[in-house]
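Structure first, commentary second.
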Amino acid sequence: MSARAAANSTTGLLEATLDVLWRQWRAIGGAAAGGAATTQVDPETLCLASLVLQPHEPRLWTTMIDWLRLGAALVSVQRLKNLADEFPGSRDLLPRLAATVLEEGKDARFRALLTRLAGARAERRTRIGSHPPKQRSGGPALQASAALLLRLRAAFGVGVKADLVAFLLGQRVRVSVAMVAAALCYSTPAVFRALQDLRVAGFVRSTDQPTAAEYWIDTYRWYDLLGGQKAVAYWGFWRETIAYVAAVLAWEEEAGRRSFSEYARATSLRQVAEHHEPDLVRAGLLGPELALPQSANLADWREFHKHLAQRVLDRV
Amino acid sequence: MAPRSLNSSADIELALLRVGELLAAAGEPQAIVIVGGAALGLLGVVARATRDVDILAFARPRGRDAWTLVPPPPQLPESLAVAIRTVGRDLGLADDWLNTGPALQWKQGLPPGLETRIRWRQYAALRVGLVGRKDLIYLKLHAAADNSPEGSHARDLAALDPTDAELEEAAQWVKGQDAGAAFPRLVDEVMISVRARRS
């Protein structure tokens with residue numbers, strides 16, 4: 012298989028991911044077109060994904076900045092930092108995003124993302140994309156079920172507890188502290204302390220095992236408050252999903268610059284995928300119906316990514 | 412599943428090429444010298460299956476076309492170790508199918524002039540040196556005397572079809588490698604066995 016054919020092996024996955032991003036921006040009030048999003052939007056994942064995928068779709072930058080003008084206050088700067096390493100290249104781009112949000116959204120918290128950058132003032136002038144000339148979105152839309160996390164942040168403040176409630180409301184099964192910490196990218200102690208607080212307050216329930224406790228929320232008790240069952244979307248595990256896509260695209264870019272043999276390409280792609288395997292399993296994308304190829308055959312990986320793209324679209 | 416053997420010279424070459432491709436992707440070329448059954452297979456001396464490929468030495472470039480042999484490091488370079496494991500996984504070989512087992516030979520000494528008789532082959536970013544026939548006779552006689560006059564090393568030695576003069580010359584060097592009182596007799600037994608196979 013040629014390098015071009017290898018690149019084509021991820022085209023469908025990129026297209027599916029871009030479709031997810033447009034749907035999510037639309038679901039939370041962004042000036043975007045697209046179908047509905049039926050699982051919860053993770054706003055920091057959405058921002059980081061839009062940041063690193065904007066070379067493939069420049070309008071993402073415009074849409075993101077347009078939304079952040081009014082919605083930046085609902086974004087967690089701490090989580091942006093925590094998640095940045097999951098999205099190759101985002102650390103270099105975050106200061107530019109922060110500079111633009113500081114200027115456009117007047118949110119001083121984003122200054123924390125500038126500290127890594129020498130000459131931040133210069134960066135303010137070096138923007139990735141053009142600024143939307145006028146405000147196109149009406150600001151965050153919080154009533155869609157997919158916007159549940161933003162809605163809870165708007166109610167209770169941006170922090171781990173609002174995120175935990177949104178995450179737990181979006182689960183089908185009980186979850187462990189470690190699982191929550193991995194999914195939300197907060198530290199395990201922070202998640203544990205917040206869960207204890209929520210449990211003491213009667214918002215969250217837990218099993219009795221002290222060392223392997225599992226947590227859940229009696230979702231039905233929240234339905235009246237939130238507007239019925241339809242107001243509560245399942246958690247989408249989009250960080251796990253899109254971080255893999257971003258890693259594969261970064262791999263593809265790197266592989267395109269160098270003359271790898273097909274075998275070396277396939278094994279390095281497999282290495283990337285195996286690194287992300289626990290995430291993809293947690294996201295429910297891998298299982299009996301779809302497993303990572305064990306082979307070092309690029310055709311197998313092309314087929315895998317085709318199926319993965321379909322599963323991503325099925326879950327949005 | 413139990414690891415499989417390398418069944419032919421084409422099989423060995425494929426495995427070495429795969430390692431070379433991974434080293435190329437890592438941007439870390441390596442040069443090694445191999446001995447044993449794999450070297451015999453690649454030289455077309457024997458056609459038997461072998462479980463592994465034995466690295467006798469690493470080579471460092473010296474000038475344009477010359478190479479200096481150095482003992483294998485106690486731990487393989489990371490890129491090479493990863494490549495060996497990856498190729499082993501993909502071809503169903505043991506994790507240590509490419510190993511530095513014969514490195515101990517450096518303590519006893521290498522056949523004189525060995526590096527001048529090496530034949531080099533290039534597998535992507537992996538340069539592989541095959542020791543010459545004379546050195547294989549020396550090393551196989553030594554290994555057979557250490558092992559058994561009827562074992563695989565003795566059979567490999569017979570396959571090299573050494574002349575009496577070559578055997579005598581090799582025996583002189585081999586007997587100097589081990590101070591044990593019984594060792595010269597073991598060397599003689601191997602020589603008798605090899606001559607018997609010839610007739």
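So the protein lines, in turn, are chains A and B. If you want our numbering, it's the position in the first sequence, counting the first as 1, plus 11. If you want our numbering, it's the position in the second sequence, counting the first as 1, plus 411. In this text, a Cβ means the ideal position worked out from N, Cα and C, and glycines have one as well.
Quick one: which chain A residues come within Cβ less than 7 Å of residue i?
i: residue 429/B; result: 274
i: residue 413/B; result: What residue 413/B touches in chain A: nothing, since even the nearest Cβ is about 17 Å away.
I'd like to know if residue i contacts chain B, where contact means its C-beta is closer than 7 Å to some C-beta of that chain.
i: residue 258/A; result: no
i: residue 307/A; result: yes
i: residue 278/A; result: yes
i: residue 12/A; result: For residue 12/A, the pLDDT reaches just 40, beneath the cut-off of 50, and the residue's location in the model is therefore unreliable, leaving the point undetermined.
Compare the C-beta of residue i with all C-beta atoms of chain A and state if any pair is closer than 7 Å.
i: residue 501/B; result: yes
i: residue 497/B; result: yes
i: residue 426/B; result: no
Taking DSSP as the reference, what is the three-state secondary structure of residue i?
i: residue 423/B; result: helix
i: residue 246/A; result: coil
i: residue 498/B; result: helix
i: residue 529/B; result: coil
i: residue 134/A; result: Summary for residue 134/A: the model assigns pLDDT 46, below 50, so the residue's position carries little reliability; its value from the coordinates is reported in the next sentence. Helix, per DSSP.
i: residue 465/B; result: strand
i: residue 457/B; result: coil
i: residue 50/A; result: strand
i: residue 481/B; result: strand
i: residue 321/A; result: helix
i: residue 471/B; result: strand
i: residue 582/B; result: helix
i: residue 444/B; result: strand
i: residue 417/B; result: strand
i: residue 306/A; result: coil
i: residue 569/B; result: helix
i: residue 574/B; result: coil
i: residue 31/A; result: helix
i: residue 181/A; result: coil
i: residue 593/B; result: coil
i: residue 562/B; result: coil
i: residue 38/A; result: helix
i: residue 66/A; result: coil
i: residue 431/B; result: helix
i: residue 145/A; result: coil
i: residue 486/B; result: coil
i: residue 602/B; result: helix
Closer than 7 Å by beta-carbon distance: list the chain B residues that pair up with residue i, in chain order.
i: residue 248/A; result: Those do not exist, as residue 248/A stays about 29 Å from chain B at its closest Cβ, beyond 7 Å.
Taking Cβ-Cβ distances shorter than 8 Å, what residues in chain B pair up with residue i?
i: residue 271/A; result: 432, 435 and 436
Show which residues of chain A have a CB atom less than 8 Å away from the CB atom of residue i.
i: residue 535/B; result: 272
Is residue i near the ligand NAP, with its Cβ less than 6 Å from a heavy atom?
i: residue 522/B; result: As presented, the structure is devoid of all ligands, the ligand NAP included, so that no description of it is given.
Practice task
Mind listing, in chain order, the continuous beta strand (DSSP E) runs of no fewer than 3 residues lying wholly within the stretch 187–231 of chain A?
Solution key: 225–227
Handout entry: Complete runs of the beta strand (DSSP E) confined to the stretch 507–558 of chain B [at least 3 residues]
Key = 530–534 and 537–541
Handout entry: Contained alpha helix (DSSP H) runs [length at least 4] in the stretch 247–282 of chain A, N- to C-terminal order
Key = 249–268
Practice task
Spell out a yes or no on whether the stretch 418–431 of chain B and the stretch 490–507 of chain B are touching, meaning 3 or more CB-CB pairs, one atom from each, closer than 8 Å.
Solution key: When Cβ pairs closer than 8 Å are counted between the two stretches, the stretch 418–431 of chain B is seen to touch the stretch 490–507 of chain B, the count reaching three or more.
Problem - Segments assigned alpha helix (DSSP H), at least 4 residues, entirely inside the stretch 80–118 of chain A - result: 88–95 and 101–116
Problem - Stretch pair the stretch 274–282 of chain A + the stretch 117–127 of chain A: three plus CB contacts closer than 8 Å - result: no
Practice task
State whether the stretch 538–556 of chain B contacts the stretch 448–459 of chain B, with contact taken as three or more CB pairs (one from each stretch) at a distance under 8 Å.
Solution key: yes
Exercise for the section: Flag this pair as touching only if the stretch 62–80 of chain A and the stretch 220–228 of chain A have three or more C-beta atom pairs under 8 Å; answer yes or no. Expected result: no
Practice task
Report yes or no: do three or more beta-carbon pairs, one from the stretch 413–421 of chain B and one from the stretch 37–46 of chain A, lie closer than 8 Å?
Solution key: no
Handout entry: Segment contact, 8 Å Cβ cut-off, at least three pairs: the stretch 81–97 of chain A with the stretch 147–166 of chain A
Key = yes
Practice task
Would you check if the stretch 88–104 of chain A and the stretch 51–63 of chain A touch, i.e. whether three or more CB-CB distances between them fall below 8 Å?
Solution key: Short answer: they touch.
Handout entry: Three-pair Cβ contact test at 8 Å for the stretch 206–225 of chain A versus the stretch 167–185 of chain A
Key = Three or more Cβ pairs drawn from the stretch 206–225 of chain A and the stretch 167–185 of chain A lie within less than 8 Å of each other, which places the two stretches in contact.
Problem - Cβ contact check for the stretch 292–300 of chain A and the stretch 241–251 of chain A: 3 or more pairs under 8 Å - result: yes
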